[in-house]
Amino acid sequence: MTPEELRQLVENNARTAQAMLDTMADARLEREELREGMTTLQQGMGQLQEAMVRLTNIQQGVSNLLAALDEDRPTILRKLTAIENKLDQVLTNKLN
1 MTPEELRQLV ENNARTAQAM LDTMADARLE REELREGMTT LQQGMGQLQE AMVRLTNIQQ
61 GVSNLLAALD EDRPTILRKL TAIENKLDQV LTNKLN
């Protein structure tokens, strides 16, 4: 092998090694970005779960409030249901 061929071989190997190192560095950066993205996603999921718990508590409170109001005084819906039942009874009696 001539010195020129040996020099070209060494340069080619050096370029190949540098390309491999660059590829590894790029892969490392991508992994770090993915980890950061996962952390952000996990934080967002945690906030979403907290919001769902708060929403569930609010919904339960509203249901309790409506139940308490219904016990104290009849709501419009309750009155309408009573009227509907009476109307059904009248119609049933007329048809029989």
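Counting in the UniProt record's numbering, the sequence shown runs from 1 upward without gaps.
No residue lacks a Cβ here, since even glycine has one placed at the ideal position from N, Cα and C.
On a predicted model such as this, the values are computed, not experimentally measured, just so you know.
I need the DSSP call for residue i, collapsed to helix, strand or coil.
{"i": "residue 40", "result": "helix"}
{"i": "residue 2", "result": "coil"}
{"i": "residue 92", "result": "helix"}
{"i": "residue 23", "result": "helix"}
{"i": "residue 16", "result": "helix"}
{"i": "residue 75", "result": "coil"}
Below 9 angstroms between beta carbons: does that hold for residue i and residue j?
{"i": "residue 87", "j": "residue 75", "result": "no"}
{"i": "residue 20", "j": "residue 9", "result": "no"}
To the nearest angstrom, how far is the alpha carbon of residue i from that of residue j?
{"i": "residue 50", "j": "residue 58", "result": "12 angstroms"}
{"i": "residue 18", "j": "residue 31", "result": "20 angstroms"}
{"i": "residue 77", "j": "residue 54", "result": "28 angstroms"}
{"i": "residue 69", "j": "residue 52", "result": "25 angstroms"}
{"i": "residue 93", "j": "residue 45", "result": "58 angstroms"}
{"i": "residue 25", "j": "residue 63", "result": "57 angstroms"}
{"i": "residue 42", "j": "residue 28", "result": "21 angstroms"}
{"i": "residue 22", "j": "residue 48", "result": "39 angstroms"}
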